[in-house]
Amino acid sequence: MKVLHVITGLEVGGAALQLRLLLRRLPAHCEVVTLTNPGPLAEAIEADGVRVTHLGMTGNRDLSALPRLAGLIRDVGPDLVHTHLYRACVYGRIAARLAGVRAVVATEHSLGDAVIEGRRLTRGVRALYRATERLGSATVAVSDTVAARLRRWGVPERRIHVVPNGIEAHRFAYDPAARAAVRARLGLPVDAFVVGGAGRLVPGKRFDVLVRAVTQLPGVHLLLAGDGPERELLRRTAGQFGSGDRIHLLGARSGVDRPAAGDGPDIPGLLSAIDVFVSPSPDEAFGLATLEALAAGLHVLHGSCPVVDELPDDQAPGARRFGHGVHELTAALRELRRTEVVRLPVPPVVRRYDIDRSAQELMAVYEEARAAARRTRPGAAPAGPPPQGLPPGVSLPDPSPAPLPDGHSLSQR
Numbered sequence: 001m002k003v004l005h006v007i008t009g010l011e012v013g014g015a016a017l018q019l020r021l022l023l024r025r026l027p028a029h030c031e032v033v034t035l036t037n038p039g040p041l042a043e044a045i046e047a048d049g050v051r052v053t054h055l056g057m058t059g060n061r062d063l064s065a066l067p068r069l070a071g072l073i074r075d076v077g078p079d080l081v082h083t084h085l086y087r088a089c090v091y092g093r094i095a096a097r098l099a100g101v102r103a104v105v106a107t108e109h110s111l112g113d114a115v116i117e118g119r120r121l122t123r124g125v126r127a128l129y130r131a132t133e134r135l136g137s138a139t140v141a142v143s144d145t146v147a148a149r150l151r152r153w154g155v156p157e158r159r160i161h162v163v164p165n166g167i168e169a170h171r172f173a174y175d176p177a178a179r180a181a182v183r184a185r186l187g188l189p190v191d192a193f194v195v196g197g198a199g200r201l202v203p204g205k206r207f208d209v210l211v212r213a214v215t216q217l218p219g220v221h222l223l224l225a226g227d228g229p230e231r232e233l234l235r236r237t238a239g240q241f242g243s244g245d246r247i248h249l250l251g252a253r254s255g256v257d258r259p260a261a262g263d264g265p266d267i268p269g270l271l272s273a274i275d276v277f278v279s280p281s282p283d284e285a286f287g288l289a290t291l292e293a294l295a296a297g298l299h300v301l302h303g304s305c306p307v308v309d310e311l312p313d314d315q316a317p318g319a320r321r322f323g324h325g326v327h328e329l330t331a332a333l334r335e336l337r338r339t340e341v342v343r344l345p346v347p348p349v350v351r352r353y354d355i356d357r358s359a360q361e362l363m364a365v366y367e368e369a370r371a372a373a374r375r376t377r378p379g380a381a382p383a384g385p386p387p388q389g390l391p392p393g394v395s396l397p398d399p400s401p402a403p404l405p406d407g408h409s410l411s412q413r
């Protein structure tokens with residue numbers, strides 16, 4: 001089977017990292033198209049032997065990208081198109097139909113109650129999504145929570161398939177040597193109580209709550225992996241509370257490969273170095289970072305995590321939900337510090353979310369989508385011409401395009 005994956009962008013993030021893990025396991029010939037921002041993962045995916053094409057989409061309403069994407073799909077000739085993230089789902093479904101590909105699967109990686117991929121949901125965004133969803137074969141939800149949201153949007157039950165995200169749990173196993181090395185490299189006291197967090201530094205993730213909570217706890221350090229528009233604001237906040245030397249903003253970590261010398265700790269190293277992991281976001285679609293922390297045997301405080309919240313408490317005994325305010329988080333961290341936390345056994349929840357299992361379940365969705373496409377009569381009415389404009393008020397999530405690095409090997413349309 002030949003599969004063409006279409007994704008909005010390949011900057012470091014849960015969807016892009018999950019795609020790379022799946023590409024390594026899917027028993028299919030895969031290629032990738034990124035609409036914009038190849039990001040640091042593009043070269044890594046190509047190094048794995050998967051061709052990546054940068055479409056060079058210049059903006060949210062760059063409708064010239066639609067015929068270019070349709071032409072690329074025709075050139076590749078896939079048996080199935082798989083789209084990831086909102087903009088790619090909208091444009092990818094239309095382009096696949098224009099190219100004559102009827103087997104189209106879309107994954108909803110980050111759908112909240114009021115936001116999608118960090119942006120506020122509007123009536124127009126929902127309307128455009130529902131209209132283009134009908135052009136696909138199936139929609140994959142990464143959790144039961146996302147599936148329920150899709151149903152509330154009006155997506156038919158028969159088209160929704162829950163295929164949870166997965167991780168390589170062994171990569172996050174606690175490593176005492178890595179703990180000592182990371183702490184020494186960052187100049188942390190051997191006996192310091194260290195809190196960790198990871199994710200995009202955007203308002204919806206509420207890392208400001210985490211930073212402010214740690215500033216209220218003398219001697220406690222924070223290691224925060226991730227990048228985004230709030231980075232400088234978080235740095236200034238730490239400085240305003242006189243805690244700039246205890247708040248360590250590490251930048252984006254790939255979470256996949258060991259970093260080169262001088263790049264700082266990777267996610268497994270960071271998780272070994274800390275004592276407690278915090279995910280302050282009040283609205284998560286899955287909770288990938290929380291799952292990785294549980295695989296490292298950590299106590300976890302979270303604001304929202306479907307991967308844990310959808311299961312009985314005994315599946316993740318080290319996870320605890322807290323209120324969304326600074327006071328609640330500060331109190332929870334203070335309590336954990338007093339108890340002298342120790343590493344926990346890997347909880348049952350981690351074994352439920354294995355990336356190999358995710359790949360197998362996704363292949364089953366592919367086969368069903370292809371079978372449904374074969375049953376569609378050849379003379380069915382094709383999709384209409386490309387839209388001449390988006391509905392008033394519609395604003396697709398718009399990650400800023402980035403220029404290709406010097407010497408980048410990506411093909412570009």
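full-length UniProt numbering applies: residue 1 is where the sequence shown begins, and numbers increase by one. Yeah, the Cβ is synthetic: ideal placement off N, Cα and C, and Gly gets one too.
Report the partner residues of Asp354 according to the DSSP bridge assignment. Ile167
State buried or exposed for Lys2, treating a residue as buried only when at least 16 other CB atoms are found within 10 Å of its CB. exposed
Assuming Leu111 and Val81 make a contact with CB atoms under 8 Å, what is their CB distance in whole Å? With a Cβ gap of about 20 Å, Leu111 and Val81 do not count as contacting.
What does a CB cutoff of less than 6 Å around Pro268 pick up in its chain, not counting 5 residues either side in sequence? For Pro268, where only same-chain residues beyond five positions count, the Cβ hits under 6 Å are Arg171 and Phe172.
What is the residue span of the beta strand (DSSP E) that His29 lies within? His29 to Thr36
Please classify Val220: is it buried, with 16 or more other beta-carbons within 10 angstroms of its beta-carbon, or exposed? buried
For a quick check, are the C-beta atoms of Val211 and Leu234 less than 8 Å apart? yes
With respect to the beta strand (DSSP E) encompassing Arg320, which residues constitute its N-terminal and C-terminal limits? From DSSP, the beta strand (DSSP E) with Arg320 extends over Ala319 to Arg321.
Neighbourhood of Val308 by C-beta distance below 6 Å, restricted to the same chain and skipping five residues each side: Ala316 and Ala319
As an exercise, report each continuous alpha helix (DSSP H) stretch of at least 4 residues that is fully enclosed by the region 123-206, in chain order. The qualifying runs are 123-133, 144-153 and 176-186.
Take Ala65 and list the residues in its own chain whose beta-carbon comes closer than 7 Å to its own, dropping the five residues that flank it on each side. Leu35, Leu55, Met57 and Tyr91
What residues are listed by DSSP as bridge partners for Val76? In DSSP, Val76 forms no bridge with anything.
Would you mind working out which of Arg374, Ala369 and Asp283 sits nearest Arg158, comparing C-alpha positions? When each option's Cα is compared against that of Arg158, the closest is Ala369.
Indicate whether Ala88 and Thr8 have their beta-carbon atoms separated by less than 8 Å. yes
Please list the terminal residues of the continuous beta strand (DSSP E) segment that includes Val276. From DSSP, the beta strand (DSSP E) with Val276 extends over Val276 to Ser279.
Whether Leu291 touches Ile167 by CB criterion (8 Å): yes
List, from N- to C-terminal side, the beta strand (DSSP E) runs of 3 residues or more that fit wholly inside the region 51-118. 52-54, 80-84 and 104-108
Helix, strand or coil: how does DSSP classify Thr8 here? strand
Limits of the alpha helix (DSSP H) - the one that Ala331 falls within: Val326 to Arg338
Is the Cβ-Cβ distance between Gly303 and His324 less than 8 Å? Yes, the Cβ-Cβ distance between Gly303 and His324 is below 8 Å.
Measure the C-alpha to C-alpha separation of Val346 and Leu72 and round it to an integer number of angstroms. One C-alpha to the other measures close to 44 Å.
Leu301, DSSP secondary structure in three states: strand
Can you check whether the C-beta of Gly228 is within less than 8 Å of a C-beta belonging to chain B? Checking the listed chains, one finds no chain B in this structure; it contains a single protein chain.
Would you call the CB atoms of Leu270 and Ala225 closer than 8 Å? Cβ atoms of Leu270 and Ala225: closer than 8 Å.
Would the region 276-292 and the region 194-205 be scored as touching if the rule is three or more Cβ pairs under 8 Å? Because the criterion of three Cβ pairs below 8 Å is met, the region 276-292 and the region 194-205 touch.
Thinking Ala44 and Arg20 are a contact (beta carbons under 8 Å), I'd like their distance in whole angstroms, please. 7 Å
By alpha-carbon positions, which one of Thr339, Arg61, Glu230 and Ala15 ends up nearest to Arg206? Glu230
Neighbourhood of Leu244 by C-beta distance below 8 Å, restricted to the same chain and skipping five residues each side: What sits at residue 244 in the sequence shown is Gly, not Leu. Arg235 and Ala238.
Sheet register partners of Arg120 (DSSP bridge): Answer is Val115, bridged to Arg120.
In angstroms with no decimal places, state the Cα-to-Cα distance between Arg179 and Ile160. 42 Å
Who pairs with Gly228 in a beta bridge, going by DSSP? Its beta-bridge partners do not exist; DSSP assigns none.
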